[in-house]
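Novice: Supplied in structure tokens, the structure appears directly below.
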Amino acid sequence: MQGYNLVVVWECKAPGYKDITHEQKIVIYPHAIVYDFEAYLDKAKRYSATKDLTFENVHVPISVSVGDTLNQQPTHLCERDPEKFMNELQSRASQLRAAVKTQYLPVDVEMLPKKQQQKIQDWCTQVPVLGFKSGKYDLNLIKQYFVQKLADTCTKVKVATQGSKTMFIITPEFNFLDVINYLGPGTSYDKWVKAYGCKRQSHGFRMSGLTAQTN
3 MQGYNLVVVW ECKAPGYKDI THEQKIVIYP HAIVYDFEAY LDKAKRYSAT KDLTFENVHV
63 PISVSVGDTL NQQPTHLCER DPEKFMNELQ SRASQLRAAV KTQYLPVDVE MLPKKQQQKI
123 QDWCTQVPVL GFKSGKYDLN LIKQYFVQKL ADTCTKVKVA TQGSKTMFII TPEFNFLDVI
183 NYLGPGTSYD KWVKAYGCKR QSHGFRMSGL TAQTN
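Residue numbering for the sequence shown follows our numbering, starting at 3 and increasing by one per position.
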């Protein structure tokens, strides 16, 4: 019996984007920037806010410590200038964005619809910036220095407040959140740090005759 080769040719149209099945999955942003401001009480600054209210003293920012989950070494800035703080955020955020895009950005992202591409890019770009009780203290402490600088560098700024507490500040590049809003009642800073296997460190420094303690 004479043998033969059977060749089967499958003819079909190229599958479209709608033919692809999607699996919905929530992915938490893998990195974050953390910060903590320190201040001193300036009793010499006395001014009247209204006819019936007078401020006897003012908390003045003197330094800020900034770190992130990608780099082990924190930065300690003995500066009140909000530009230095923003520069440090931008520097660290650019490294985090690059790491996130390398890990999560699809190789064939350009094949996706423009709207889907934009959503992926937005997610990779918006870096969480976390503070502990920052809504009640840190953000209020620096808002007169910081908010204007933030508005100058960002196209859109969303702010939510609850009384005197800032719940969040969201820009296309950053998502400022207060960690305390996502923890159980009564959680202290020490408990939060220990829960992630970290140790609390204190750094003392002296500046212009003033002694401050950063935690």
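Glycine residues also receive a C-beta, built at the ideal position from the N, C-alpha and C atoms.
It should be emphasised that the depicted structure is a prediction, and the values quoted were computed from it without experimental measurement.
Tell me the start and end of each unbroken beta strand (DSSP E) in the stretch 110-187 that is at least 3 residues and wholly inside, in chain order.
Specialist: Fully enclosed beta strand (DSSP E) runs of 3 or longer: 129-133, 160-164, 167-172, 176-180.
Novice: Determine which residues share a DSSP beta bridge with leucine 107 and list them.
Specialist: Its beta-bridge partners do not exist; DSSP assigns none.
Novice: Restricting to Cα atoms, I'd like to know which of Gln74, Glu40, Leu72 is closest to valine 62.
Specialist: Glu40
Novice: Below 8 Å on the Cβ atoms is my contact criterion, and I expect cysteine 156 with threonine 168 to pass it. Report the Cβ-Cβ distance as a whole number of Å.
Specialist: That belief does not hold up - the Cβ atoms of cysteine 156 and threonine 168 are roughly 16 Å apart, past 8 Å.
Novice: Go ahead and label glutamate 90 buried or exposed: buried means 16 or more other beta carbons lie within 10 angstroms of its beta carbon, across all protein chains shown.
Specialist: buried
Novice: When the Cα atoms are used, what is the spatial distance from phenylalanine 134 to tryptophan 194?
Specialist: 9 Å
Novice: Taking 7 Å as the limit between beta carbons, can you name the residues of its chain near isoleucine 122, skipping five residues before and five after?
Specialist: Leu107, Val111
Novice: My understanding is that isoleucine 35 touches aspartate 70, with C-beta atoms under 8 Å, so please give their C-beta distance in whole angstroms.
Specialist: Going by Cβ atoms, the distance from isoleucine 35 to aspartate 70 rounds to 5 Å, so yes, they are a contact pair.
Novice: With aspartate 192 as the anchor, note down where its alpha helix (DSSP H) starts and where it stops.
Specialist: 191-197
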